[in-house]
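Trainee: To convert a position in the sequence shown, counted from 1, into this note's numbering, add 6.
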Amino acid sequence: MATYPTVRPRRLRQSDAMRRLVRETSLSADQLIAPLFIRHGAGVNKPIASMPGHSQLSVDTAVREAETIAELGIPAVLLFGIPAHKDAVGSENFDPEGIVPQAAYAIKKALPELLVISDMCFCEYTDHGHCGILNNPEHPGYDPQLGEGYLLNDATLALLGKAAVVHAQAGADIIAPSGMIDGMVAGIRSALDAADLQRVAIMSYAAKYSSGFYGPFRDAAESPPSFGDRSQYQMDPANTREALREVELDVEEGADLLMVKPALAYLDIIRQVKDRFDLPLAAYQVSGEYSMVKAAAERGWIDERRVALESLLSIRRAGADMIITYWAKDAVRWLR
Ligand code: PBG
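#1: Looking only at its chain, what residues have a beta carbon closer than 6 angstroms to the beta carbon of K280, apart from the 5 residues adjacent to it on each side?
#2: For V106, which of L84, A55, P118 and A116 has the nearest alpha-carbon?
#3: Would you call the stretch 124–135 in contact with the stretch 170–178, where contact means no fewer than 3 C-beta pairs closer than 8 angstroms?
#4: Three or more beta-carbon pairs under 8 angstroms between the stretch 297–313 and the stretch 253–269, yes or no?
#5: Between which residues of its own chain and N6 is the CB-CB distance below 7 angstroms, once the five residues before and five after are set aside?
#6: Using a Cβ-based criterion (distance less than 7 angstroms to any ligand heavy atom), does E254 qualify as near the ligand PBG?
#7: Please confirm whether any heavy atom of the ligand PBG lies closer than 7 angstroms to the CB of S184.
#8: Take the Cβ of V95 as the centre, count every other Cβ of all protein chains shown within 10 Å, and call the residue buried at 16 or more, exposed below.
#9: Quick check on the DSSP output: what are the complete alpha helix (DSSP H) runs of length 4 or more inside the stretch 73–132, in order along the chain?
#10: For T92 and E228, I'd like the C-alpha separation in whole angstroms.
#11: For a test of the three-state rule: what should DSSP assign to Q238, helix, strand or coil?
#12: Say whether the stretch 211–218 touches the stretch 232–249, bearing in mind that this needs 3 or more beta-carbon pairs closer than 8 angstroms, one atom from each stretch.
#13: Could you check how far apart the C-beta atoms of F223 and S317 are, in whole angstroms? I think they sit under 8 angstroms.
#14: Hey, which unbroken runs of the beta strand (DSSP E) at 3 residues or more fall wholly within the stretch 203–270?
#15: Among all the DSSP beta bridges, which residues are the ones paired with F43?
#16: Among the residues of its own chain, which have a CB less than 6 angstroms from the CB of L273, if the five just before and after it don't count?
#17: For the beta strand (DSSP E) that N51 lies in, which residues bound it at each end?
#18: Pick out whichever of I180, L140, A178 and L152 has its Cα sitting closest to the Cα of T162.
#19: Out of I187, M186 and A178, which one is the CA nearest neighbour of L198?
#20: Say whether the stretch 114–121 touches the stretch 184–203, bearing in mind that this needs 3 or more beta-carbon pairs closer than 8 angstroms, one atom from each stretch.
#21: In the structure shown, what three-state DSSP assignment does I180 receive?
#22: Check A288 in the structure and name its three-state DSSP category.
#23: Measuring straight from C-alpha to C-alpha, what distance separates P89 and E130?
#24: Y296 to Q37, Cα distance in whole Å?
#25: Which residue or residues does DSSP assign as beta-bridge partners of M190?
#26: Is D225 near the ligand PBG, judged by its Cβ being under 7 angstroms from some heavy atom?
#27: Evaluate L18 with the Cβ neighbour count: other Cβ atoms within 10 Å of its Cβ, from every protein chain shown; 16 or more gives buried, anything less gives exposed.
#28: In chain order, what are the residue ranges of uninterrupted alpha helix (DSSP H) at least 4 long that sit wholly in the stretch 132–165?
Next comes the structure, spelled out in structure tokens:
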């Protein structure tokens with residue numbers, strides 16, 4: 007076997023042209039999805055303290071932001087809503103006049119080519135901040151064995167289906183259930199099909215971990231749980247086989263696209279899902295991954311642009327076909 011000095015791997019690193027020629031992984035606008043946070047009002051652009059560079063927008067300002075995103079060649083936005091009122095069952099999530107249906111309608115009207123993905127979860131809409139209906143003696147389906155505060159799975163499924171139909175009827179192209187509720191993909195698929203929304207795709211947050219990296223997001227979406235955490239439904243960071251099982255179930259239930267979340271601390275999961283399943287795979291580079299870099303860059307400790315692009319590339323290298331990222335716009339500009 008030939009070795010040094012005959013073999014010199016550095017030959018292929020000696021110039022930019024040579025490095026471009028042998029580059030194995032690509033990153034382009036086509037692979038990015040930009041999240042947007044929408045609230046009621048007009049002309050709103052309310053900066054999110056924990057996520058520098060991002061704001062809560064009203065429908066009108068979100069449409070302008072979506073125009074910029076589309077002009078940059080990014081194919082999709084992911085919508086999160088901050089409701090006017092929160093209640094025990096998250097009513098605004100299945101209200102046709104709710105904030106996300108309004109935004110989906112306005113964005114599709116202005117930009118029919120831009121894909122609108124709706125994050126389908128109840129945590130932003132419930133007064134307790136959990137991702138569905140809780141076990142409560144005052145509600146139907148109460149089970150004293152489960153204890154108060156337990157998230158009721160099947161009662162939540164029914165509402166998820168209802169909300170998915172409302173968001174899809176308003177214009178969402180893709181529904182992205184993010185609550186880690188058992189059966190959420192099948193429940194949403196059958197609700198959509200029963201409403202003649204066969205064209206609407208489902209991007210499942212198939213392996214979503216209970217993660218501290220969501221910290222800044224809870225500020226952005228005003229959705230922290232009022233008690234406890236999400237570990238009774240989101241996955242334990244220690245588990246790999248369970249993630250593959252979760253993904254397998256979502257494939258069987260009819261998911262069109264899969265997602266692993268968060269990204270950087272779960273590159274091994276992205277790789278294993280990519281190797282085992284043939285559906286398109288998304289990774290969510292979450293708020294904490296973004297804000298940590300922003301904070302360190304503000305202190306001059308690291309180069310934001312370099313670290314952001316390196317992280318995005320590593321997520322692609324691990325096997326993600328597409329990435330949901332708060333750097334979507336910046337990344338496209340940097341890549342130009
Ligand atoms: C749930 C949801 C969350 C995120 C996306 N969808 C919060 C959570 O699960 O606690 C987090 C995204 C991020 O941190 O960027 N609706």
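Beta carbons are placed, not taken as given, at the ideal position from N, Cα and C, and that holds for glycine.
Please read these numbers as outputs of a predicted model, since none were measured by experiment.
Mentor: Reading from the atomic positions:
#1: If you ignore the 5 residues before and after K280, its C-beta comes within less than 6 angstroms of the C-beta of L287 and G325, all in its own chain and listed in chain order.
#2: Nearest of L84, A55, P118 and A116 to V106, Cα basis: L84.
#3: The answer is yes - the stretch 170–178 touches the stretch 124–135, with three or more Cβ pairs under 8 angstroms.
#4: The stretch 297–313 is not in contact with the stretch 253–269.
#5: Given that the chain is displayed from residue 7 to residue 342, the structure contains no residue 6 and the question cannot be resolved.
#6: Because no heavy atom of the ligand PBG lies under 7 angstroms away, the Cβ of E254 does not count as near it: no.
#7: At a cut-off of 7 angstroms, the beta-carbon of S184 counts as near the ligand PBG: some heavy atom of the ligand is closer than that.
#8: V95 is buried by the Cβ-count criterion.
#9: The DSSP assignment places complete alpha helix (DSSP H) segments of no fewer than 4 residues inside the stretch 73–132 at 105–116, in order along the chain.
#10: The residue asked about is misnamed: residue 92 is Lys in this sequence, not Thr. K92 and E228 have their C-alpha atoms spaced approximately 11 angstroms apart.
#11: Of the three classes helix, strand and coil, the one that applies to Q238 here is coil, per DSSP.
#12: Taking a cut-off of 8 angstroms on C-beta distances, the stretch 211–218 touches the stretch 232–249, as three or more cross pairs fall below it.
#13: 17 angstroms between Cβ atoms; not a contact.
#14: Fully enclosed beta strand (DSSP E) runs of 3 or longer: 207–214 and 263–267.
#15: Note: F43 sits in a beta bridge opposite Q62 and F86.
#16: Counting only Cβ-Cβ distances below 6 angstroms, and skipping sequence neighbours, we find A324.
#17: Counting along the chain, the beta strand (DSSP E) containing N51 begins and ends at N51 to P53.
#18: The option with the nearest alpha carbon to T162 is L140.
#19: Ranking the options by Cα distance to L198, first place goes to A178.
#20: Contact between the stretch 114–121 and the stretch 184–203 is absent, because fewer than three Cβ pairs lie under 8 angstroms.
#21: Of the three classes helix, strand and coil, the one that applies to I180 here is strand, per DSSP.
#22: The three-state secondary structure of A288, taken from DSSP, is strand.
#23: Each residue's CA atom was taken as its position, placing P89 and E130 some 7 angstroms apart.
#24: Taking the CA atoms as reference points, Y296 sits about 17 angstroms from Q37.
#25: Residue pairing from DSSP leaves M190 without any beta-bridge partner.
#26: Checking every heavy atom of the ligand PBG against the Cβ of D225, none is found closer than 7 angstroms.
#27: Flag for L18 reads exposed.
#28: Counting only runs of 4 or more residues that sit fully inside the stretch 132–165, no alpha helix (DSSP H) segment turns up.
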